[in-house]
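>
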Amino acid sequence: MTARAAPAPARGVVARILPRSAVDGPGNRAVVFLQGCDFDCLYCHNPETRALCVHCGECAPACPSGALTARPAAGPERPFGLEVAWDATRCVDCGACVAACRRDSSPKAVAMSAEEVVASLGRQRAFLSGITVSGGECGLQPAFLESLLVASRAAGLPGLVDTNGSTDYAALPALVEAAEGFMLDVKAWDEDEHRALTGASNRAVIANLRFLAAAGKLYEVRTVVVPGSFDAERTVREVSRALVDSGSAARYKLIRFRPQGVRARWRGLPVPDDDTMAALAALARAEGVREVVVV
Ligand code: SF4
Ligand code: SF4
Numbered sequence: 191m192t193a194r195a196a197p198a199p200a201r202g203v204v205a206r207i208l209p210r211s212a213v214d215g216p217g218n219r220a221v222v223f224l225q226g227c228d229f230d231c232l233y234c235h236n237p238e239t240r241a242l243c244v245h246c247g248e249c250a251p252a253c254p255s256g257a258l259t260a261r262p263a264a265g266p267e268r269p270f271g272l273e274v275a276w277d278a279t280r281c282v283d284c285g286a287c288v289a290a291c292r293r294d295s296s297p298k299a300v301a302m303s304a305e306e307v308v309a310s311l312g313r314q315r316a317f318l319s320g321i322t323v324s325g326g327e328c329g330l331q332p333a334f335l336e337s338l339l340v341a342s343r344a345a346g347l348p349g350l351v352d353t354n355g356s357t358d359y360a361a362l363p364a365l366v367e368a369a370e371g372f373m374l375d376v377k378a379w380d381e382d383e384h385r386a387l388t389g390a391s392n393r394a395v396i397a398n399l400r401f402l403a404a405a406g407k408l409y410e411v412r413t414v415v416v417p418g419s420f421d422a423e424r425t426v427r428e429v430s431r432a433l434v435d436s437g438s439a440a441r442y443k444l445i446r447f448r449p450q451g452v453r454a455r456w457r458g459l460p461v462p463d464d465d466t467m468a469a470l471a472a473l474a475r476a477e478g479v480r481e482v483v484v485v
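Position in the sequence shown (from 1) plus 190 gives the number in my numbering.
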């Protein structure tokens, strides 16, 4: 009998790796941002991670340091007949390419294996409590996400998954098992409001909230508060009830909308005042959530 070849290890499209962060989960963590997202949130703070690069070449002339080269290329994945190559050694991280891109993308996303991501952390690993995989939406690359969580855990770094909740995690038990926990955004409880905020349904999000809470895998739930954009009171109440009903000890983080980093057309969205945030936090606590954080 001929032995089957082992499947090729999954590679992910990585937008960037932040070597350490104190605000993306407990302790000091490296954050791995994956490229591509299926939501289009009005208040997206990483809009350059939303779309995969289509190699149109428009950003290359904007680069002041010659780090981008547009070369002729053929094939269905190169609809513009170009391939844009990024030379990290020449990049001065000025952001001009991202500013020039009209497609919410970046020419600097790279394909990496899980082992390459872990190896890239280098000696810094000794000072980390774990990694957090974020995006974009990391759940859109489930095979790579699982392999990254496994490789990271094997290296002594437990992995948190920071997700918009659009992926059916109940159908991915090995991925869920490999994760230390999940940080889930619940952007609005009402389906129509969620569609208006993100362009997508929230059915999978709410199913994930219940599933991950019951499975003891929920580390944190987050809601960004934008006055007038959705019924924040109802969202906070329903999320709190779901947490309490499942016995989850997950904390609930209420995030004040901030315009910094948001696409120009949405920077004028209103910022909630202190009283609004305090009232929402009090509501969550009154519903029985043990840990409520306002940022
Ligand atoms: S990053 Fe944007 S502008 Fe640059 S090649 Fe990709 S899609 Fe085109
Ligand atoms: S961030 Fe890097 S690749 Fe992009 S324009 Fe600036 S130097 Fe060029």
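For glycine and all other residues, C-beta sits at the position ideal for the given N, C-alpha and C.
Do L408 and L362 count as a contact pair if the criterion is CB distance below 8 Å?
Not closer than 8 Å, so no.
> If we call anything under 8 Å between Cβ atoms a contact, is V415 one with P348?
Taking 8 Å as the Cβ cut-off, V415 and P348 do not qualify as a contacting pair.
> With distances taken from CA atoms, which of A290, V485 and R475 is nearest R446?
If we check each option's Cα against that of R446, V485 comes out closest.
> Please identify the residue among G320, S303 and A360 whose C-alpha is closest to the C-alpha of L335.
The residue with the shortest Cα to Cα distance from L335 is S303.
> Measuring only the C-alpha atoms, how far is E273 from V426?
If you take the alpha carbons of E273 and V426, they lie about 46 Å apart.
> By a C-beta neighbour count over all protein chains shown, 10 Å radius and 16 as the cutoff for buried, is T279 buried or exposed?
Per the 10 Å Cβ criterion, exposed.
> Under the three-state reduction of DSSP, which class applies to V340: helix, strand or coil?
The answer is helix: DSSP assigns V340 an H, G or I state.
> For A290, verify whether its CB is less than 7 Å away from any heavy atom of ligand 1.
Yes, since a heavy atom of ligand 1 falls inside the 7 Å radius drawn around the Cβ of A290.
> Do you know whose CA, among V244, R313, L459 and A368, lies nearest Q293's CA?
Before going further, note that residue 293 is Arg rather than Gln in the sequence given. The shortest C-alpha separation from R293 is found at V244.
> Taking the C-alpha atoms as reference points, what is the distance between R457 and S419?
Near 13 Å, if we compare the C-alpha coordinates of S419 and R457.
> Assuming S430 and E477 form a contact by the criterion Cβ under 8 Å, report the distance between their Cβ atoms to the nearest whole angstrom.
Sure, about 4 Å apart at Cβ, within 8 Å.
> List the DSSP bridge partners of L408.
According to DSSP, L408 bridges with F372.
> Report all residues from its chain with a CB closer than 6 Å to the CB of D214; omit the five preceding and five following residues, and keep chain order.
Within the same chain, D214 has close Cβ partners V221 and T322.
> Counting C-beta neighbours from all protein chains within 10 Å, is the total for R455 16 or more, i.e. buried, or is it exposed?
It counts as exposed.
> Hey, which unbroken runs of the alpha helix (DSSP H) at 4 residues or more fall wholly within the segment 312-360?
DSSP runs (the alpha helix (DSSP H)) wholly in the segment 312-360: 332-344.
> Determine, using beta carbons only, whether E327 and G226 come nearer to each other than 8 Å.
Yes, the pair counts as a contact, with Cβ atoms nearer than the cut-off.
> In chain order, what residues of the same chain have a beta carbon less than 6 Å from the beta carbon of V482, not counting five sequence neighbours either side?
Closer than 6 Å at the Cβ level, and outside the excluded window around V482, lie Y442, A471, A474 and R475.
> Which term fits C346, buried or exposed, when burial requires 16 or more other beta carbons within 10 angstroms of its beta carbon?
Residue identity differs from the one stated: residue 346 is Gly in this sequence, not Cys. With fewer than 16 Cβ atoms within 10 Å of its Cβ, G346 is classed as exposed.
> Please name the residue in V340, A468, L224 and G247 whose C-alpha comes closest to that of A369.
Here the closest residue by C-alpha is V340.
> Going by DSSP, which residues form a beta bridge with M302?
DSSP lists G202 as partners of M302.
> In angstroms with no decimal places, state the Cα-to-Cα distance between S337 and E267.
The alpha-carbon atoms of S337 and E267 are separated by roughly 25 Å.
> For P251, which three-state DSSP category applies?
Three-state result, P251: helix.
> Would you say the beta carbon of C287 comes nearer than 7 Å to a heavy atom of ligand 2?
Correct: C287 has its Cβ closer than 7 Å to ligand 2.
> Pair every Cβ in the segment 308-318 with every Cβ in the segment 280-299, then say whether three or more of these pairs are closer than 8 Å.
No, they do not touch.
> Less than 7 Å between the CB of V274 and some heavy atom of ligand 1, yes or no?
V274: yes, Cβ under 7 Å from ligand 1.
> How far does the beta strand (DSSP E) with L258 in it extend, from its first residue to its last?
First-last of the beta strand (DSSP E) with L258: L258 to P262.
> Quick one: does the C-beta of S255 sit closer than 7 Å to a heavy atom of ligand 1?
S255 Cβ: outside cutoff for every heavy atom of ligand 1.
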